[in-house]
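Note that numbering that gives the first Met the number 0 numbers the sequence shown so that position 8 is 7, with each residue one more than the last. C-beta: ideal position from N, C-alpha, C; glycine also. Note that the coordinates shown come from a computational prediction; the quantities given were computed from them, not determined experimentally.
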Amino acid sequence: MIFLLGNALTDRTIAIGDIHGCASALNSVLEAICPTQCDTIIQLGDAIDRGTHSRAVIDSLLSLSKQCAFVFVRGNHEELLLDALDDTDKLARWLRNGGTDTLRAYGCDRPENIPADHLEFLRGSVQYFESERHIFVHAGYIDDQPMAGQPGLALRWRVTNENSRPHCSGKTVITGHTAQKSGEILDLGHVKCIDTNCVHGGWLTAINADNGEMWQSDQYGKLRSR
Numbered sequence: 000m001i002f003l004l005g006n007a008l009t010d011r012t013i014a015i016g017d018i019h020g021c022a023s024a025l026n027s028v029l030e031a032i033c034p035t036q037c038d039t040i041i042q043l044g045d046a047i048d049r050g051t052h053s054r055a056v057i058d059s060l061l062s063l064s065k066q067c068a069f070v071f072v073r074g075n076h077e078e079l080l081l082d083a084l085d086d087t088d089k090l091a092r093w094l095r096n097g098g099t100d101t102l103r104a105y106g107c108d109r110p111e112n113i114p115a116d117h118l119e120f121l122r123g124s125v126q127y128f129e130s131e132r133h134i135f136v137h138a139g140y141i142d143d144q145p146m147a148g149q150p151g152l153a154l155r156w157r158v159t160n161e162n163s164r165p166h167c168s169g170k171t172v173i174t175g176h177t178a179q180k181s182g183e184i185l186d187l188g189h190v191k192c193i194d195t196n197c198v199h200g201g202w203l204t205a206i207n208a209d210n211g212e213m214w215q216s217d218q219y220g221k222l223r224s225r
């Protein structure tokens, strides 16, 4: 889902990594960023599951979409939830992968009972987002294929590591999904993975794609000095 305000895509372009229900971390990072209508903020997916406050996370992202140009990229956890909605045979897989925590946050026992505006927001998530110099995607990419031809398996499940090659577009790719247990982003120059493992004791990372400025918070909302 892309929310544009006026002549957007100006000033700062900021990516936010995997949140996984860590609402306090998200709110602290957003307070530090202080978004304006001139900013474009891309959340790279996996906003939900595993953490305890997925509902509050989606509420915060919906609020954010009214403050700036906002892009919500689909992660594998959003995909698991949406698959469970469309095919009850896939419900158990989602529940095993953190869906139980999300249902608990919503106070319901079935995904179809999640509020309609939240489900609409999740369904509106995009496959990837491309700017003049950057590609923003949840997980990964096949390096010799244009983004429009990328399979969902690569976009939402592919691992980013030291062997990840530059994309054929020449653009810098910013990803999440592959948790960096060190708490530091993986920066290969041509690709940067900013999932820094917030839900498992690391940090939620946001990064200005153009100048590298970073904001990080632990799951309790404590900001990290950089």
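- Message: Only counting the same chain, and skipping five residues up and downstream in sequence, which positions put a Cβ closer than 6 Å to that of Asp-143?
- Response: Cys-167
- Task: Check Asn-75 in the structure and name its three-state DSSP category.
- Result: helix
- Query: Who are the near neighbours of Asp-82 in its chain, counting only those whose CB is closer than 6 Å to its CB and skipping five residues on each side?
  - Reply: Lys-89
- Determine the extent of the beta strand (DSSP E) in which Ile-15 is found, giving its start and end residues. 12–15
- Please report the residue range of the beta strand (DSSP E) in which Val-172 lies. 171–174
- Task: Return yes when the Cβ of Met-213 is within less than 9 Å of the Cβ of Ile-173, no when it is not.
- Result: no
- Starting from Ser-216, follow the beta strand (DSSP E) in both directions and report where the run begins and ends. 213–216
- Message: If you follow the alpha helix (DSSP H) that Asn-196 is in, where does it begin and where does it stop?
- Response: Element bounds for Asn-196: n/a, residue is neither H nor E.
- Message: Quick check: the Cα distance between Glu-68 and Ser-216, rounded to an integer number of angstroms?
- Response: Looking at the sequence shown, residue 68 is not Glu but Ala. Whole-angstrom Cα-Cα distance: 22 Å.
- Message: Looking at Gly-139: is its Cβ nearer than 9 Å to the Cβ of Arg-157?
- Response: yes
- The beta strand (DSSP E) with Ala-205 in it runs from where to where? 202–207
- Nearest residue (CA-CA) to Pro-150, options Thr-35, Pro-165, Asn-75, Thr-51: Asn-75
- Item | Pairwise C-alpha distance: Ile-40 and Ile-61 | The sequence shown places Leu at residue 61, rather than the Ile named in the question. Cα to Cα, Leu-61 sits roughly 12 Å from Ile-40.
- Task: In the DSSP assignment, find the alpha helix (DSSP H) that holds Cys-40 and state where it starts and stops.
- Result: A small correction: the amino acid at residue 40 is Ile; Cys does not occupy that position in the sequence shown. Taken as a continuous stretch (DSSP letters only), Ile-40 belongs to no alpha helix (DSSP H), being part of the beta strand (DSSP E) at 39–42.
- Under the DSSP definition of a beta bridge, which residues are partnered with His-133? Thr-171
- Under the three-state DSSP convention, the category Ala-46 falls into: coil
- Item | Beta carbon of Thr-171 nearer than 9 Å to that of His-117 | no
- Kindly confirm or deny that the segment 9–21 and the segment 108–117 touch, where touching means at least three C-beta pairs closer than 8 Å. no
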